[in-house]
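Comments concern the structure below.
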Amino acid sequence: MSQFWKPGTERPQHCLLDDEEGGVLFFSAPANSSSHGFSNLERQRQRLPVFKYRTAILYLVENHATTIIVGETGSGKTTQIPQYLKEAGWADGGRVIACTQPRRLAVQSVASRVAEEMGAKVGEEVGYTIRFEDKTVQGVTKIKFLTDGVLLREMMDDPLLTKYSVIIVDEAHERSISTDMLLGLLKKIQRRRPELRLVISSATIEAESMSIFFQTRKKNDVGAAEANGPKNLPSILSVEGKAYPVEIHYVQDPVSDYLQSAVDTVLLIHEKEPLGDVLVFLTGQDDIDAAVQLLVEEARVKTTKFSGLLVLPLYSGLPRSDQDLIFAQTPKGKRKVVISTNIAETSITLEGVVYVVDSGFSKQRYYNPISDIENLVVAPISKASAKQRAGRAGRVQPGKCFRLYTEDYFVKEMPAEGIPEMQRSNLVSSVIQLKALGIDNILGFDWLASPPSESMIRALEVLYSLGILDEDAKLTSPCGFQVAEIPLDPMISKMILAADILGCLEEMLTIAAVLSVQSIWTSVRGKNKGLDEVKLLFAAAEGDHVTHLNVYKGFLQSGKSSQWCYKNYINYHALKKVVDTREQLGRLVRRLGLVPKSCEGDTQTIRKAIIAGFFSHASQLEEYGQNGMYRTVRSSQEVYIHPSSVLFRVNPKWVVYHSLVSTDKHYMHNVIAIDPSWLIEAAPDFYQLRTLNPALF
Ligand code: CDP
Ligand code: MG
Numbered sequence: 001m002s003q004f005w006k007p008g009t010e011r012p013q014h015c016l017l018d019d020e021e022g023g024v025l026f027f028s029a030p031a032n033s034s035s036h037g038f039s040n041l042e043r044q045r046q047r048l049p050v051f052k053y054r055t056a057i058l059y060l061v062e063n064h065a066t067t068i069i070v071g072e073t074g075s076g077k078t079t080q081i082p083q084y085l086k087e088a089g090w091a092d093g094g095r096v097i098a099c100t101q102p103r104r105l106a107v108q109s110v111a112s113r114v115a116e117e118m119g120a121k122v123g124e125e126v127g128y129t130i131r132f133e134d135k136t137v138q139g140v141t142k143i144k145f146l147t148d149g150v151l152l153r154e155m156m157d158d159p160l161l162t163k164y165s166v167i168i169v170d171e172a173h174e175r176s177i178s179t180d181m182l183l184g185l186l187k188k189i190q191r192r193r194p195e196l197r198l199v200i201s202s203a204t205i206e207a208e209s210m211s212i213f214f215q216t217r218k219k220n221d222v223g224a225a226e227a228n229g230p231k232n233l234p235s236i237l238s239v240e241g242k243a244y245p246v247e248i249h250y251v252q253d254p255v256s257d258y259l260q261s262a263v264d265t266v267l268l269i270h271e272k273e274p275l276g277d278v279l280v281f282l283t284g285q286d287d288i289d290a291a292v293q294l295l296v297e298e299a300r301v302k303t304t305k306f307s308g309l310l311v312l313p314l315y316s317g318l319p320r321s322d323q324d325l326i327f328a329q330t331p332k333g334k335r336k337v338v339i340s341t342n343i344a345e346t347s348i349t350l351e352g353v354v355y356v357v358d359s360g361f362s363k364q365r366y367y368n369p370i371s372d373i374e375n376l377v378v379a380p381i382s383k384a385s386a387k388q389r390a391g392r393a394g395r396v397q398p399g400k401c402f403r404l405y406t407e408d409y410f411v412k413e414m415p416a417e418g419i420p421e422m423q424r425s426n427l428v429s430s431v432i433q434l435k436a437l438g439i440d441n442i443l444g445f446d447w448l449a450s451p452p453s454e455s456m457i458r459a460l461e462v463l464y465s466l467g468i469l470d471e472d473a474k475l476t477s478p479c480g481f482q483v484a485e486i487p488l489d490p491m492i493s494k495m496i497l498a499a500d501i502l503g504c505l506e507e508m509l510t511i512a513a514v515l516s517v518q519s520i521w522t523s524v525r526g527k528n529k530g531l532d533e534v535k536l537l538f539a540a541a542e543g544d545h546v547t548h549l550n551v552y553k554g555f556l557q558s559g560k561s562s563q564w565c566y567k568n569y570i571n572y573h574a575l576k577k578v579v580d581t582r583e584q585l586g587r588l589v590r591r592l593g594l595v596p597k598s599c600e601g602d603t604q605t606i607r608k609a610i611i612a613g614f615f616s617h618a619s620q621l622e623e624y625g626q627n628g629m630y631r632t633v634r635s636s637q638e639v640y641i642h643p644s645s646v647l648f649r650v651n652p653k654w655v656v657y658h659s660l661v662s663t664d665k666h667y668m669h670n671v672i673a674i675d676p677s678w679l680i681e682a683a684p685d686f687y688q689l690r691t692l693n694p695a696l697f
């Protein structure tokens with residue numbers, strides 16, 4: 001059985017705990033303590049709920065291979081536990097404490113917070129690594145924050161993750177696809193490295209199932225060094241927070257436009273309620289940017305207290321300078337309104353929030369293995385999420401949560417729990433990573449929750465047709481191994497490798513870098529006219545990818561000018577990110593032995609290279625019109641070119657798209673015009689002639 005342990009119940013004997021504030025005995029002295037007292041930050045640290053459990057946590061980690069810590073958001077799990085472990089010596093002798101997060105922005109923000117608390121600069125004792133950005137120094141960095149995806153990649157070079165003494169898998173309740181894979185793999189590593197400690201930290205009580213997962217063992221998974229190792233039973237520690245009550249308000253009738261309704265609610269709060277910050281949950285960058293703008297406009301007209309409002313967006317693509325504003329203390333007499341994705345649900349804590357406005361939606365990934373369509377869709381959240389969101393209002397004082405859905409809906413229709421990402425995702429990237437780690441029997445892998453076998457089979461099929469797996473479902477050499485080395489979607493990696501062979505790798509690195517940022521255009525709800533005109537300046541008849549090359553060239557020619565971007569409705573920060581990412585990708589492909597060459601604007605060659613990765617994303621025009629209807633070749637889905645594409649209204653007969661996004665219809669994003677014979681050339685097995693309409697040849 002797993003052990004539940006809370007202070008005041010079954011205390012480990014030598015774990016000295018005093019329930020009075022501040023009366024805790026330490027195993028070792030806290031950092032930054034000095035004879036003339038604690039710094040302000042140090043006092044803040046000691047006020048966090050997790051502080052009372054410091055001794056207990058250290059005791060459990062010392063004595064158990066796996067410790068599961070459940071505690072409310074904001075109780076100090078992420079920022080404090082790595083520091084406690086460091087203070088207790090877990091980072092001595094060149095070892096490193098790792099703490100994973102599912103979200104990049106959370107990695108950066110907690111790393112800077114912890115660095116500040118330790119009086120260090122980010123990138124020294126405290127560092128972080130996210131894809132394409134490594135702020136750590138070997139031999140210096142003791143606490144390292146990283147995404148769960150990056151830790152998975154590190155396993156490819158160091159399968160036993162030997163440099164880490166403790167790995168904290170944080171935000172485990174999010175059940176991101178990489179977290180789920182990590183848990184399965186870490187369980188394997190533990191058998192070979194009994195000295196490794198795992199801490200799994202979660203905001204909700206899924207702890208029991210995690211605990212059972214770490215106790216049970218697959219049949220053939222025999223560990224050698226177990227007899228003398230730490231206890232195998234995972235222990236569960238539950239950290240009690242000190243949340244204040246939150247009053248929940250529902251709408252009387254269902255709302256038709258949650259964005260407008262959110263804006264109205266914030267204005268109402270601002271008019272009627274005492275000061276206190278507002279946190280609004282919307283879904284993604286588009287609706288958040290639109291809401292920020294709408295709120296500022298309407299506040300100007302509708303409220304006399306406009307100057308007291310400070311409206312800020314929060315989403316993953318946000319530039320660093322804007323992130324700092326989010327965490328800065330609200331100036332006296334002002335009210336901060338942060339409009340956020342579900343990143344503020346549990347991964348990031350904002351001080352001073354008293355009011356929460358919950359749209360009831362978030363952007364979620366959904367994959368349908370039958371149609372092979374993966375989508376980011378705006379979908380209803382679960383009750384568990386709604387509860388987390390409401391809880392954000394009760395951190396500093398009693399708060400209020402305004403739900404933009406009816407109580408009836410909440411009670412009768414909202415699902416209790418979300419579905420793990422693993423069970424609603426395309427598994428192509430996961431399969432390739434497991435293969436690269438030498439896990440051949442993927443269906444038999446020790447999953448926390450098994451992915452659907454249809455998704456698995458689909459993934460194997462796609463990888464086979466891309467030439468990444470061979471008939472025995474092993475990685476091909478060199479293609480499969482090279483694709484596994486590139487930290488991008490395997491279809492993009494394949495496109496890069498094909499570009500090398502076709503002699504347009506220079507161009508493809510740019511395209512891949514652009515596709516890795518959200519959008520290079522700035523968009524403003526309802527005011528796209530200027531943008532549309534500007535797009536024509538860059539537009540290429542071949543489609544969006546080639547247009548991206550024109551924009552990139554223009555940006556370089558302008559001397560990377562922000563003015564130029566502003567004039568052309570281009571997102572300066574996104575393009576700077578593209579330049580950075582491109583540089584990193586360049587270094588990576590050179591390491592793989594490729595030498596980037598340019599095809600000097602031969603767009604046919606460029607499109608053929610794109611097709612080498614994306615041949616399965618082909619669609620054929622079926623109905624001409626203002627915005628013609630297409631059908632995907634693979635699954636005969638009805639799809640349309642997204643209005644943001646330069647090919648919107650052009651309607652070429654055949655196109656290949658990068659991704660599908662569904663709102664009212666399935667929209668193809670980033671589209672190129674192609675010749676259908678290129679599809680057969682690129683993937684003869686995948687496209688037998690008969691699947692394409694012969695009349696078109
Ligand atoms: O991980 P958990 O949700 O339990 O809490 P945490 O992220 O460690 O946050 C503990 C405290 O640190 C909260 O009161 C946050 O407001 C504060 N914090 C901060 O001020 N700035 C950050 N970038 C991160 C945390
Ligand atoms: Mg946390």
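Counting with full-length UniProt numbering, you get residues 1 to 697 for the letters of the sequence shown. All C-beta atoms, glycine included, are put in the ideal place defined by N, C-alpha and C.
Query: Three-state class that DSSP yields for A65 in the structure shown; Result: coil
Query: Of the residues A299, D602, Q563, the one placed nearest N550, counting alpha carbons only; Result: D602
Query: Whole-angstrom distance between A473 and P676, CA atom to CA atom; Result: 28 Å
Query: Opposing strand residues paired with F361 [DSSP bridges]; Result: P380
Query: From K608, G123, K387, residue whose alpha carbon lies closest to that of I492; Result: K608
Query: Cα-Cα separation, E195 to Y164; Result: 10 Å
Query: Per DSSP, the bridge partner or partners of H666; Result: S662
Query: Contact under 7 Å by Cβ, S382 with L282; Result: no
Query: Bounding residues of the beta strand (DSSP E) (the contiguous stretch that carries K305); Result: From DSSP, K305 is part of no beta strand (DSSP E); its letter is neither H nor E.
Query: Closer than 6 Å: T179 CB and nearest the ligand MG heavy atom; Result: no
Query: With 16 other Cβ atoms within 10 Å as the buried cut-off, status of S190; Result: In the sequence as displayed, the identity of residue 190 is Gln instead of Ser. Answer is buried; the Cβ neighbour count reaches 16.
Query: K435 in three-state terms, based on DSSP; Result: helix
Query: Start and end residues, beta strand (DSSP E) containing K163; Result: Neither: K163 is in no beta strand (DSSP E) and is coded neither H nor E.
Query: For review: beta carbons within less than 6 Å of any heavy atom in the ligand CDP; Result: L48, G71, T73, G74, S75, G76, K77, T78, T79, Q80, S109, V110, R113, F327, T349, E351
Query: Collapsed DSSP secondary structure at H548 in the structure displayed; Result: helix
Query: DSSP beta-bridge partners of Y630; Result: L621, V639
Query: Inter-residue Cα distance where the pair is V107 and K135; Result: 11 Å
Query: Proximity winner among K242, A172, A243, relative to E208 (alpha-carbon distances); Result: A172
Query: The region 660–671 / the region 640–652 touching (three or more Cβ pairs under 8 Å); Result: yes
Query: Proximity to L279 [Cα-Cα], best of D158, V353, R587, T129; Result: V353
Query: Inter-residue Cα distance where the pair is M181 and W90; Result: 25 Å
Query: Backbone secondary structure at I520 - three-state DSSP; Result: coil
Query: Delimiting residues of the alpha helix (DSSP H) encompassing L41; Result: 40–47
Query: Coil, strand or helix - K242 by DSSP; Result: coil
Query: Proximity below 7 Å, CB of K363 to CB of G284; Result: yes
Query: Touching by the beta-carbon criterion (3+ pairs, under 8 Å), the region 242–260 and the region 327–345; Result: no
Query: Local conformation of L448 per DSSP, three classes; Result: coil
Query: Boundaries of the beta strand (DSSP E) in which A609 is found, first to last residue; Result: No beta strand (DSSP E) holds A609; the alpha helix (DSSP H) holding it covers 603–614.
Query: Beta-carbon contacts of R193 that lie in its chain and below 7 Å, excluding the five residues immediately before and after; Result: L160
Query: Helix, strand or coil at G71 according to DSSP, with G and I counted as helix; Result: strand
Query: Same chain, Cβ closer than 7 Å to E421, neighbours up to 5 away in sequence not counted; Result: R175, S176, I177, R365
Query: Bridge-paired residues (DSSP) for C99; Result: F145, I168
Query: Counted within 10 angstroms of its Cβ, other Cβ atoms place P398 as buried (16 or more) or exposed; Result: exposed
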